[in-house]
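Note that my numbering has the sequence shown beginning at 1, numbered continuously upward. Following: one structure in structure tokens, then a few remarks.
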Amino acid sequence: MASVTLEPLAETGNGSGRSPRKRRRRSFDGGNLWVYLIALVVVAITLGPVLYGALGGFRSNAQLADKPAGLPDPWVWTNYAGVLNNPSFWQYALNSTMIAIITTVVTVVFGLMAAYPLARYQFRGREALFMVFVLGLLFPAAVAIIPLFIIITRNLQMANTWWGVALPQAAFALPMTVVILRPFLMALPKELEEAALIDGASRIGIFWRVLMPLSAPGMITVGVLAFVTSWNAYLLPLLLLQDKMRTLPLGVADFSTEHSADTAGVLAFTTLAMIPALVLFLAFQRRLVSGLQGAVKG
Numbered sequence: 001m002a003s004v005t006l007e008p009l010a011e012t013g014n015g016s017g018r019s020p021r022k023r024r025r026r027s028f029d030g031g032n033l034w035v036y037l038i039a040l041v042v043v044a045i046t047l048g049p050v051l052y053g054a055l056g057g058f059r060s061n062a063q064l065a066d067k068p069a070g071l072p073d074p075w076v077w078t079n080y081a082g083v084l085n086n087p088s089f090w091q092y093a094l095n096s097t098m099i100a101i102i103t104t105v106v107t108v109v110f111g112l113m114a115a116y117p118l119a120r121y122q123f124r125g126r127e128a129l130f131m132v133f134v135l136g137l138l139f140p141a142a143v144a145i146i147p148l149f150i151i152i153t154r155n156l157q158m159a160n161t162w163w164g165v166a167l168p169q170a171a172f173a174l175p176m177t178v179v180i181l182r183p184f185l186m187a188l189p190k191e192l193e194e195a196a197l198i199d200g201a202s203r204i205g206i207f208w209r210v211l212m213p214l215s216a217p218g219m220i221t222v223g224v225l226a227f228v229t230s231w232n233a234y235l236l237p238l239l240l241l242q243d244k245m246r247t248l249p250l251g252v253a254d255f256s257t258e259h260s261a262d263t264a265g266v267l268a269f270t271t272l273a274m275i276p277a278l279v280l281f282l283a284f285q286r287r288l289v290s291g292l293q294g295a296v297k298g
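Laid out in structure tokens, this is it:
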């Protein structure tokens, strides 16, 4: 009889012929460690002035002169109370809010209406027209500030009004809006439009009832960017607004000029002026990031 040789079966691990040894992955390797260190440095540089200004508003001028980098000891609440009891602060805040809201609504609505045909329709010159919006990103508002001033003050007679500032800001925000919203609209399946057309919906109905709700992440992204940019605008409001129509950035400059010796009060005024934009940005932070990711994927 022929001899039969029995060989030991190879040890298997988890159903494979590989050794069951498991390699332990370190949670922090060299590359990740440097990434975290750089991120911490960037966060410190970004949040450092904000925290210094917020805490400086709770200190007196004597404390700031004695220990500029110290903590409030004791905490002084009169600086913030004085700003909140100042009627000019609330007037500035109202102007900034209304201008930012008008800018945001005009930017989102008209930007979506401009991105819709560039994304969903095929026509000659479509890409060339889109490149006009892309090139608009390279055209800052400061370059056209003098022609804007002449057109708004002389031709449109809209100087010292909310609309006189909001409309130019919305116009300069349109290129970024179209560039972000177009990929969202292009990524939507055409079957949705075909189904809506079969149900009897018009092109305008499809735009408002189907495509607009599905583009909500992109609309939130461009809306937050437009609001924050309008809230922090300085040059155009400086040329077009006067007296009680001035915005918070102009109010901060006026307050710091009038109360140049009151450093703590200036820090309190500045901190309160940036809170609304900061809160809005933090509230929609995840939607903002997801919206930009969706634009890149599209």
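Backbone N, C-alpha and C fix where the C-beta goes; we use that ideal spot for every residue, glycine too.
Next item on the list: Tell me whether L112 sits in a helix, a strand or coil according to DSSP, three-state version.
Entry: Helix.
Notebook entry, point to check: When the distance is taken between beta carbons, is T271 closer than 7 Å to G306?
Noted result: Since the first residue of the chain shown is 1 and the last is 298, residue 306 is not available in this structure.
Next item on the list: Work out the CA separation of V266 and S60 for me, nearest whole Å.
Entry: Taking the straight line from one Cα to the other gives about 11 Å.
Notebook entry, point to check: What are the boundary residues of the alpha helix (DSSP H) that includes I204?
Noted result: Taken as a continuous stretch (DSSP letters only), the alpha helix (DSSP H) holding I204 covers 203 to 206.
Note to self: Looking only at its chain, what residues have a beta carbon closer than 6 Å to the beta carbon of Q285, apart from the 5 residues adjacent to it on each side?
What the structure shows: Within the same chain, Q285 has no close Cβ partners at all.
Item checked: When W77, F184, Y92 are compared against A253, the one with the closest alpha-carbon -> Of all alpha-carbon atoms in W77, F184, Y92, the one lying nearest the alpha-carbon of A253 is that of Y92.
Margin query: Can you tell me whether W162 is buried or exposed? The criterion is at least 16 other CB atoms within 10 Å of its CB, across all chains shown.
Written below: Classification of W162: buried, given that the 10 Å Cβ count is 16 or more.
Check: Between L238 and chain D, is there a C-beta pair that is closer than 7 Å?
Finding: Absent here is chain D; the protein component of the structure consists of one chain.
Check: How close, in whole Å, do the beta carbons of L112 and M212 come, if the pair is a contact with beta carbons under 8 Å?
Finding: Right, the Cβ-Cβ distance comes to about 7 Å (below 8 Å), so this counts as a contact.
Checklist line | F349 to P74 span [Cα, whole Å] | finding: With the chain covering only 1 through 298, there is no way to say anything about residue 349.
Check: So, helix, strand or coil for G56, using DSSP?
Finding: Here G56 carries a helix assignment [DSSP, helix/strand/coil].
Margin query: Please classify S215 as buried or exposed, where buried requires at least 16 neighbouring CB atoms within 10 angstroms.
Written below: With 16 or more Cβ atoms within 10 Å of its Cβ, S215 is classed as buried.
Next item on the list: Please determine if the segment 190 to 206 and the segment 234 to 251 are in contact, where contact requires at least 3 C-beta pairs separated by less than 8 Å.
Entry: Result no; under three Cβ-Cβ pairs closer than 8 Å.
Notebook entry, point to check: Applying the criterion that 16 or more other CB atoms from any shown protein chain within 10 Å of the CB defines a buried residue, is V222 buried or exposed?
Noted result: Its Cβ being crowded by 16 or more others within 10 Å, V222 is buried.
Item checked: Burial state of M186, where buried means 16 or more other Cβ atoms lie within 10 Å -> Around the CB of M186, fewer than 16 other CB atoms lie within 10 Å, so the residue is classed as exposed.
Notebook entry, point to check: When the Cα of G57 is compared with those of Y80, K244, V35, I38, which residue comes out closest?
Noted result: Comparing Cα-Cα distances from G57 to each of Y80, K244, V35, I38, the minimum goes to Y80.
Item checked: Pair within 7 Å by beta-carbon distance, T103 and S230 -> Result yes, Cβ atoms of T103 and S230 sit closer than 7 Å.
Margin query: Tell me the DSSP secondary structure of S215 in three-state form.
Written below: If DSSP states are grouped into helix, strand and coil, S215 belongs with coil.
Notebook entry, point to check: Can you give the beta carbon distance from V312 to L137, rounded, assuming they're within the 8 Å contact cut?
Noted result: No statement about residue 312 is possible, as the shown extent of the chain runs from 1 to 298 and does not include it.
Margin query: Once DSSP output is grouped into helix, strand and coil, what is the label at D73?
Written below: Residue state for D73 is assigned as coil, using DSSP reduced to three classes.
Margin query: So N160 and Q242 are supposed to be a Cβ contact under 8 Å. How far apart are they, rounded?
Written below: Their Cβ separation, rounded to whole angstroms, is 5 Å, which keeps N160 and Q242 in contact under 8 Å.
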